[in-house]
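The structure appears below as structure tokens.
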Amino acid sequence: MEVSKSVALEEKHEAANLSRVLKPIHLWALTVGLVISGNYFGWSYGFAAGGVMGLALALVPVTIFYVTFILSYSELATAIPHAGGPSAYARRALGKFGGYMNGISCLIEFVFAPPAIALAVGGYVHAMVPGINVMAATVAAFLFFIFLNYWGMKVSATFELTVTVIALVGLVIYWGLALPHFELSRVMTTPYLPNGFQGVMAAVPFAIWFYLAIEGGAMSAEEMVNPQKDISKGFLTGMGSLMAMAFLTLFLTAGIVDTKLIDGVDFPLPLALSAVFGDGSFPVLLMSGIGLFGLVASLHGIILGYSRQTYAMARTGYLPKFLAKLDEKHHTPVWALILPGLICLGTALTGLTDVVITISAFGSVVMYIFSLISLFVLRKKEPDLKRPFRVSYPIIPIISILMAVFCLISLLIASSDVLPYVVGIYAVAILYYLIWGNKNIRPFEEEFGVLDELDQ
């Protein structure tokens with residue numbers, strides 16, 4: 012009887028789920044790769060918002076938040092290692108609607124981040140080869156990485172590891188080129204806060220961009236060989252790497268160039284080096300070429316992330332069932348790659364990089380708050396839940412949720428022009444849930460029971 016049950020579980024697992032091929036090094040590459048483009052573009056918009064010190068000050072609470080959040084999130088991800096990630100945690104803690112809202116918030120983050128990155132890819136390509144149109148390069152990048160993700164997690168993970176290492180080497184080269192020309196006087200310009208505390212708050216979305224999407228690694232949990240032990244290793248090493256990268260990139264860039272020259276551009280690092288070495292110089296061309304690897308790592312990783320979140324929500328029943336269909340040969344969620352990809356592509360064609368960054372930041376912060384609330388609820392509701400990694404409770408989660416609320420307030424204050432878009436997106440999502448999304452939700456035990464038994 013037990014043998015039959017085991018065989019049935021294994022068959023059901025193979026039919027309905029993804030392939031386990033990932034190890035800690037792959038999760039490190041995925042978490043760093045998801046985010047590394049934040050060093051190559053996007054963050055420099057914060058100079059106009061708050062000045063050098065305003066952006067630096069915004070980065071401090073944002074960094075505190077992400078460190079405490081990743082520690083808290085590692086507990087959730089190792090206790091509930093499922094592709095749904097945040098939607099799975101919130102559903103277990105807060106019920107069906109809570110799970111849906113957290114999943115939608117994650118999708119908002121992961122669907123609006125790729126257009127900004129793809130536009131930056133187009134900008135970098137155009138800067139290197141002016142004859143290539145920005146939008147043409149943007150569309151080509153999207154289509155290529157959707158196709159690459161289709162070939163399966165093993166191919167995707169190997170590619171992600173390769174381009175992440177190249178992008179990280181590129182940043183080290185950039186820091187090495189910038190350091191001899193660093194001038195503290197450029198950083199400590201007066202007034203220190205040209206737009207006051209309001210400027211610090213306005214710079215928060217662009218400080219978040221240094222870390223945005225790191226949590227996406229949790230959505231590869233069902234494809235890890237040993238998720239309970241390895242998720243925390245990959246997350247914590249990734250967070251340490253990103254923290255060092257953010258501060259080095261911000262201060263070394265500000266120390267070599269007038270920040271007014273690089274605000275509002277999608278290729279700030281080559282432009283900063285051109286102020287030192289001259290337009291068309293070898294360091295500038297080198298950084299333009301390597302910069303593409305940083306953008307590619309994040310674009311590819313986030314496409315992977317949105318596909319897994321879409322797949323998991325469709326498997327639950329929140330989204331149409333066809334989005335959970337897996338390709339028989341590659342075990343990849345084909346329609347979960349294509350349909351959100353088309354939405355990403357349409358958004359990219361607007362060309363509004365700063366707007367989509369802010370919308371993505373709103374989605375991420377809402378998701379962070381729901382996930383942290385889920386941690387508190389699960390600690391009380393399921394004290395005996397197997398937790399291979401335990402965060403220092405309740406101090407770390409309390410600090411994290413306070414910092415998350417600070418980030419949300421900053422977004423609300425500084426980005427009121429973008430707020431109508433965010434409200435509209437959530438309104439459509441809630442309306443969909445009320446009309447269709449709550450009709451075919453699978454029983455909790457049916458969806459997670461098989462996976463829980465196989466993971467034991």
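If you're matching positions, the sequence shown starts at 12 in this note's numbering and goes up one per residue.
All residues carry an ideal CB built from backbone N, CA and C; glycine is no exception.
On a predicted model such as this, the values are computed, not experimentally measured, just so you know.
Listed in chain order, the non-local C-beta contacts of A99 below 6 Å within the same chain comprise I91, H93, local neighbours out to five positions each way being set aside.
Within the stretch 355-404, the complete alpha helix (DSSP H) runs of at least 4 residues fall at 364-392. Bounds of the alpha helix (DSSP H) holding D241 are 238-265. Residue V122 holds the alpha-carbon nearest to the alpha-carbon of T358 among G44, S55, L70, V122. In this structure, the beta-carbon distance from G374 to F217 does not fall below 8 Å.
The distance from the Cβ of L348 to that of I119 is about 18 Å, inconsistent with a contact at the 8 Å cut-off. With 16 or more neighbouring CB atoms inside 10 Å of its own CB, V132 falls in the buried class. At a Cβ-Cβ threshold of 8 Å, I177 and F304 count as neighbours. Pairing Y135 with G266 gives a Cβ-Cβ distance that is not under 8 Å.
Looking at S318, Y404, S427, L306, the one whose alpha-carbon comes closest to that of N160 is S318. In this structure, the straight-line span from the alpha carbon of M250 to that of V287 is close to 31 Å. Secondary structure of P454 (DSSP, three-state): coil. Around the beta-carbon of F381, 16 or more other beta-carbon atoms lie within 10 Å, marking it buried.
W447 counts as exposed, since fewer than 16 other beta carbons sit within 10 angstroms of its beta carbon.
Under the three-pair Cβ rule at 8 Å, the stretch 191-202 does not count as touching the stretch 351-370. The alpha-carbon separation between P331 and D338 amounts to approximately 17 Å. Remark: C-beta atoms of V63 and T200 approach each other more closely than 8 Å. For P72, the secondary structure class from DSSP, reduced to helix, strand or coil, is helix.
G96: not part of any alpha helix (DSSP H); DSSP gives it neither H nor E.
Note that the C-beta distance between V150 and L356 is below 8 Å. Close CB contacts of P238 within its chain, under the 6 Å cut and outside five residues either way in sequence, are with P92, A232 (chain order).
For P408, the secondary structure class from DSSP, reduced to helix, strand or coil, is helix. A direct Cα-to-Cα measurement between E234 and I36 gives close to 13 Å. Counting along the chain, the unbroken alpha helix (DSSP H) around Y443 starts and ends at 430-443. Y111: member of the alpha helix (DSSP H) spanning 107-139, first to last residue. Contact holds between the stretch 75-85 and the stretch 399-410, because three or more Cβ pairs, one in each stretch, are under 8 Å apart. Residue pairing by DSSP puts L337 in a beta bridge opposite P344.
In this structure, DSSP gives M235 an extended state, which the three-state scheme calls strand. For the pair G49 and Y222, the CB atoms are nearer than the 8 Å cut-off.
In its chain, beyond the 5 residues on either side, I242, S243, F246, L247, F400, V402 have a beta carbon closer than 8 Å to the beta carbon of S85. CA-to-CA, the gap between T327 and G187 works out to about 48 Å. When the beta-carbon positions are compared, S426 and T369 come within less than 8 Å of each other. CA-CA distance, I81 to T42, rounds to 11 Å.
A residue is called buried once 16 or more other Cβ atoms fall within 10 Å of its Cβ, and D277 is buried on that count. Secondary structure at L33: strand, using DSSP grouped into helix, strand and coil.
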